[in-house]
Amino acid sequence: MNKPVTIVMIEDDQGHARLIERNIRRAGVTNEVMPFSDGASALAYFKKIESEPAELNPILVLLDLNLPDMSGIDILEFLKNDGHLRVAPVIVLTTTDDQLEIQRCYDLGCNVYITKPVDYEQFAVAIRQLGLFISVIKIPDPLNG
Amino acid sequence: MAGFHDVFSLFRESRREAALLGAAAVILILLTLFSVWLSHRLESDAGTAAEINRYYAKLGRVGRTMRTVESSQRGYLIAESEQYLRPYNELYSQLIPQAKRLIESVPAALEEKERLAVLLDLITRKANEMAVTVADATNERRDAAVARLKDNYGVKLSEQIEEHINALQEKAIAKRDEIEANSAELRDMKMIVDVIGGVAVLAFSFLSIWFLMRSNAALSRAHRALEKTNDDLEDIVMRRTAALQRANDEIQRFAYVVSHDLRSPLVNIMGFTSELETLRKDLFERLEKANALADTDVLGKDFDEAFGFIKSSIARMDRLINAILKISRQGSRPLHSELIDTKKLVESVISNVAHQIREKDARIAVGDLPPILSDRMSIEQIFSNLIENAIKFLKSDGQGEIKIEGYLRGVDVIYSVSDNGRGIDPRDHQRIFELFRRAGPQDVPGEGMGLAFVSALVRRLGGSIAVESAVGVGSTFKVTLPGTIAQTRGMAA
């Protein structure tokens, strides 16, 4: 039996973090959410767990690109170049709807890209759909393929 | 501007040089004329001297002929031999003609006509005397002939003739010597004049060469100064262009960052406003259940009104931010030049707004639109904004008409979108191209963004846009675009 997935949320804006968490809960997702408000502390956490097998610490990453200390792209790159963590799904959630940046994220291996709409209904719908997505997602088992 | 100064002083200098060279030419011409005159003078003097020499020889010959004839006459009288008379017979007849020729050939310079007339008279008398004597002797009157000889008349005549000839010869020699002395002087003078002329020619040549070299040097100095100014200008233009490019990039980045960073708090405001709305519903439901308030309806309406204003303001702000973002993105998007069938492009734009056209019950006519080598997306945006605008501001009376036309002017392509809509007050013709500014009654939704966007696009393609419009009559937007976009324009926004 797999350990439940931990949602690692890297979001510097406390308000956004709160809204995202609230809407994920509303969608019925009960997984643990681990919030980080800057890139450095998130990277420190990833470095701590990267030596352990992925199935012991299954994670899903919610990533904002505009972080105060670094670009979310750097974190995405780190995750996708890591032996264990590369299997973790990454959902980029940001205000940028620049096509070039979106393409860059997909190229680096991001699984879903969501633009935070100002229209709250849309935002809530997007996050709830994300919640549904999280609840059905199965973290691939690196040992059993 | 050292170069221009040099050129001016060059003109001034060259005027002075021309005056100097002109004076030099006059001097040279005078010297040459003088030298030529001297040559002529020397030549004519040499001619006169030769003439005098010939005249001198003729004088001698006349004297010798006279003597020969005389001695022949005397020999004949003494020896009474016909053999002595032969020279007389040969030369006697020549004596008078010789003397006459002498008078004819005397050089004018000698002024000897009178003395020569006397000489001729003497010779004539001598000839007569000799003729008479010889005639007497031949006709057996020898005594009379000898007697005439003895009275010395003939001898005296001969002496007088010789004296005259000697005097004439002396005078001729004197005259010739005088002419030759004079010629020597003239020759000296001519030599001096020629030497001066030669020196002058050399001097003026050097002067000309010096002037030429100086003006050449000044010209090349001016040329160098101009080149340097040119280089400086290019440098300045390059620096300015780079500075402009930097400023432009900065503005783009600024617009981008601002629009993003403004958006983040907006997401929160909107999100938590919605949360509040949810809370309000919960709260009011509970209040109703508890019956704590009698007029929850009024309170609820106040709440809803507040929420409504907040939400519509946020939506508007979001649209404004998006507008800034759109323009900033447009500025950094690279342009791709391709041949565009404008008519086809406009027809596809029209098909996208067919619904709005039907709603307004308007007619739209597309004329002959020349193709253009330009950026497809920009051209599409320009037409779609102008056409949408035209439709938006048509009157809703079913008489709406939109015309899209185009023509070539030189290397430019001009497209126009005309409507018979409500028109724009001339005071607003400038304003409507500014971001977020609109004209006329604000009864049509919009952000005041379309024309600013079109104007930015047109500018980026290296063109210009203008409007002709009168309130109530309609508007014509005229877009002038270069037939091809220069590659460098891809850099500028």
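Going down the list, the sequences are from chains A and B. So the first sequence is numbered by my numbering: it starts at 19 and just counts up by one. So the second sequence is numbered by my numbering: it starts at 442 and just counts up by one. In this text, a Cβ means the ideal position worked out from N, Cα and C, and glycines have one as well.
- The CB of residue 37 of chain A comes closer than 8 Å to the CB of 708, 709, 712, 713, 716 in chain B, given here in chain order.
- Contact annotation: residue 627 of chain B and residue 500 of chain B have beta-carbon atoms that are not nearer than 8 Å.
- Counting the other CB atoms within 10 Å of its CB gives residue 481 of chain B a total below 16, which places it among the exposed residues.
- A Cβ-Cβ contact shorter than 8 Å links residue 786 of chain B with residue 820 of chain B.
- Within the model, the alpha-carbon separation for residue 602 of chain B versus residue 630 of chain B is close to 42 Å.
- A contact between stretches requires three or more CB pairs, one per stretch, nearer than 8 Å, and the segment 859 to 874 of chain B meets this requirement with the segment 904 to 919 of chain B.
- Taking a C-beta cut-off of 9 Å against chain A, none of the residues of the segment 796 to 825 of chain B qualify.
- Residue-level contact by beta carbon fails for residue 777 of chain B and chain A, as no gap is shorter than 8 Å.
- Distance check between residue 471 of chain B and each of B/837, B/586, B/635 places B/635 closest, using alpha-carbon atoms only.
- Using beta-carbon distances, residue 701 of chain B counts as an interface residue toward chain A, with a partner under 8 Å.
- Here DSSP, grouped into helix, strand and coil, assigns residue 780 of chain B to strand.
- At a cut-off of 8 Å between beta carbons, residue 910 of chain B makes no contact with chain A.
- The residues 801, 803, 835, in chain order, have a CB closer than 6 Å to that of residue 841 of chain B in the same chain once the five nearest residues on each side in sequence are set aside.
- The C-beta of residue 705 of chain B comes closer than 8 Å to at least one C-beta of chain A.
- According to DSSP, residue pairing for residue 78 of chain A in a beta bridge involves A/25.
- Counting of Cβ neighbours within 10 angstroms places residue 711 of chain B among the buried residues, the total reaching 16 or more.
- For residue 31 of chain A, the chain B residues whose Cβ falls inside 9 Å of its Cβ are 705, 706, 708, 709, in order along the chain.
- Excluding its 5 nearest sequence neighbours in each direction, residue 847 of chain B has C-beta neighbours in its own chain below 8 Å: 783, 808, 809, 810, 811, 854, 855, 856, 857, listed in chain order.
- Between residue 649 of chain B and residue 633 of chain B, the alpha-carbon positions lie close to 24 Å from each other.
- Within the DSSP secondary-structure output, residue 860 of chain B pairs in a beta bridge with B/843, B/916.
- The alpha-carbon separation between residue 651 of chain B and residue 639 of chain B amounts to approximately 18 Å.
- Judged by DSSP in its simplified three-state form, residue 133 of chain A adopts strand.
- Here residue 696 of chain B has 765, 769 as same chain residues with Cβ atoms under 6 Å from its own Cβ, once five neighbours each way along the sequence are excluded.
- Chain B places a beta carbon closer than 8 Å to that of residue 84 of chain A, counting this residue as a contact.
- By the beta-carbon neighbour count (other beta carbons within 10 angstroms, threshold 16), residue 760 of chain B is exposed.
- Three or more beta-carbon pairs separated by less than 8 Å are not found between the segment 674 to 685 of chain B and the segment 711 to 728 of chain B, which leaves the two stretches without contact.
- The segment 536 to 548 of chain B makes contact with the segment 504 to 522 of chain B: 3 or more CB pairs, one atom from each, lie closer than 8 Å.
- CA-to-CA, the gap between residue 831 of chain B and residue 744 of chain B works out to about 39 Å.
- Within chain B, the residues placing a beta-carbon under 9 Å from that of residue 141 of chain A are 708, 711, 712, 715, ordered along the chain.
- For residue 146 of chain A, the CB contacts under 7 Å within the same chain, skipping 5 residues up- and downstream, are 41, 44, 45 in chain order.
- Taking the CA atoms as reference points, residue 666 of chain B sits about 10 Å from residue 660 of chain B.
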